[in-house]
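**Q**
Protein chains in written order, with the numbering used here: chain A, -3 to 107; chain B, 2 to 115.
Here it is, written out as structure tokens:
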């Protein structure tokens, strides 16, 4: 069974519209969770991380926000999408070791 | 400032050849270096990693060579297969067991021709 699930698989949204992306981790107790953004053909940029429920730290400012409402859930959102938000959004997890494992990603297209 | 640099940007090899992907870094406090393999439309998968206390890590056809003094590492893929065609990312972190800030390179796109 897959450890990490992201939804939706893909989104096409209009500039100025709201966005909510989700990530669920199964079978891991109190994981560290991360959101990454990847431009098409580009590198990975860490956006947020969370070590525990209710606590989220921002790594870069991209007019996005994140929340961790449950131990196994991580949400990425914004009230108003920009064209520059287009890309591939990846959720990742780690335990009390150095390895990070990525989810399948959500492809976002902003028009 | 780019913390992690990769070269070449793209690489083409014939099936059966050895592909060599290079990575260098700036910060001498980095001590953990994972390599990720990413296929189009998928999330990156952890392929192999090395810590700075080792100079070599081998896993099947994949080997990392690490030179701490020069702050360089390389990924060697022996007997390359068409299924190895993907983008490979080198990353670096300080290897803390808490929050991990990973710095990624821009990737090397590998094409293996049958």
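The C-beta atom is built at its ideal place from N, Cα and C for all residues, glycine as well.
Exposed or buried, which one is residue 26 of chain A when buried takes at least 16 other CB atoms within 10 Å?
**A** Stepping through the first chain from its first residue, residue 26 of chain A is reached at position 30. Result: exposed.
**Q** Counting only beta-carbon atoms, is residue 50 of chain B nearer than 9 Å to chain A?
**A** By one-based count along the second chain, residue 50 of chain B stands at place 49. It does; some Cβ of chain A falls within 9 Å.
**Q** For residue 32 of chain B and residue 52 of chain B, which I take to be in contact (beta-carbon distance under 8 Å), what is that distance rounded to the nearest angstrom?
**A** As a working mapping, residue 32 of chain B is identified with position 31 in the second chain. As a working mapping, residue 52 of chain B is identified with position 51 in the second chain. Sure, about 6 Å apart at Cβ, within 8 Å.
**Q** Measuring only the C-alpha atoms, how far is residue 86 of chain A from residue 102 of chain A?
**A** Translated into positions along the first chain, residue 86 of chain A becomes position 90. Translated into positions along the first chain, residue 102 of chain A becomes position 106. Going from the Cα of residue 86 of chain A to the Cα of residue 102 of chain A covers about 7 Å.
**Q** For chain B, is any of its Cβ atoms less than 9 Å away from the one on residue 41 of chain A?
**A** Numbered from its first residue, the first chain carries residue 41 of chain A at position 45. Residue 41 of chain A counts as touching chain B.
**Q** Contact criterion: CB-CB distance below 9 Å. Does residue 105 of chain B meet it with respect to chain A?
**A** Looking up residue 105 of chain B in the second chain gives position 104. Yes - at least one Cβ of chain A is within 9 Å of the one on residue 105 of chain B.
**Q** Taking residue 40 of chain A as the reference, give the member of B:115, B:113, B:91 with the closest Cα.
**A** In the first chain, counting from the first residue as 1, residue 40 of chain A sits at position 44. Ranking the options by Cα distance to residue 40 of chain A, first place goes to B:91.
**Q** When you compare only the Cα positions, how much space is there between residue 14 of chain B and residue 60 of chain B?
**A** Taking the first residue of the second chain as position 1, residue 14 of chain B is located at position 13. Taking the first residue of the second chain as position 1, residue 60 of chain B is located at position 59. Between residue 14 of chain B and residue 60 of chain B, the C-alpha separation is close to 20 Å.
**Q** When the Cβ atoms of the stretch 76 to 91 of chain A are set against those of the stretch 4 to 21 of chain A, are three or more pairs found closer than 8 Å?
**A** Taking 8 Å as the limit for Cβ pairs, the verdict is that the stretch 4 to 21 of chain A does touch the stretch 76 to 91 of chain A.
**Q** Measure the C-alpha to C-alpha separation of residue 20 of chain B and residue 78 of chain B and round it to an integer number of angstroms.
**A** On the second chain, residue 20 of chain B is found 19 positions in, with the first residue counted as 1. On the second chain, residue 78 of chain B is found 77 positions in, with the first residue counted as 1. Cα to Cα, residue 20 of chain B sits roughly 5 Å from residue 78 of chain B.
**Q** If you drop the 5 nearest sequence neighbours on each side, which residues of the same chain put their C-beta closer than 8 Å to that of residue 75 of chain A?
**A** Taking the first residue of the first chain as 1, we reach residue 75 of chain A at position 79. Excluding sequence neighbours, residue 75 of chain A sits near 14.
**Q** Work out the CA separation of residue 78 of chain A and residue 0 of chain A for me, nearest whole Å.
**A** Along the first chain, read from residue 1 onward, the residue named residue 0 of chain A stands at position 4. Along the first chain, read from residue 1 onward, the residue named residue 78 of chain A stands at position 82. Residue 0 of chain A and residue 78 of chain A: Cα-Cα distance of roughly 27 Å.
**Q** Buried or exposed for residue 105 of chain A, going by 16 or more other Cβ atoms inside 10 Å?
**A** Here residue 105 of chain A refers to the residue found at position 109 of the first chain. Exposed.
**Q** Applying the criterion that 16 or more other CB atoms from any shown protein chain within 10 Å of the CB defines a buried residue, is residue 59 of chain A buried or exposed?
**A** Sequence index remark: in the first chain, residue 59 of chain A carries index 63 (1-based). Exposed.
**Q** Can you tell me where the beta strand (DSSP E) holding residue 10 of chain A begins and where it ends?
**A** Taking the first chain and counting its residues from 1, the one referred to as residue 10 of chain A is at position 14. Here residue 10 of chain A belongs to no beta strand (DSSP E), and DSSP marks it neither H nor E.
**Q** What does a CB cutoff of less than 6 Å around residue 7 of chain A pick up in its chain, not counting 5 residues either side in sequence?
**A** Counting from one through the first chain, the residue named residue 7 of chain A turns up at place 11. Closer than 6 Å at the Cβ level, and outside the excluded window around residue 7 of chain A, lie 104.
**Q** Taking C-beta pairs closer than 7 Å, name the residues in chain A that residue 26 of chain B reaches, listed in chain order.
**A** Along the second chain, one-based indexing puts residue 26 of chain B at 25. Per Cβ cutoff of 7 Å: no residues; residue 26 of chain B is ~14 Å from chain A at best.
**Q** Restricting to runs no shorter than 3 residues, where is the beta strand (DSSP E) found entirely within the stretch 78 to 105 of chain A?
**A** The qualifying runs are 83 to 90.
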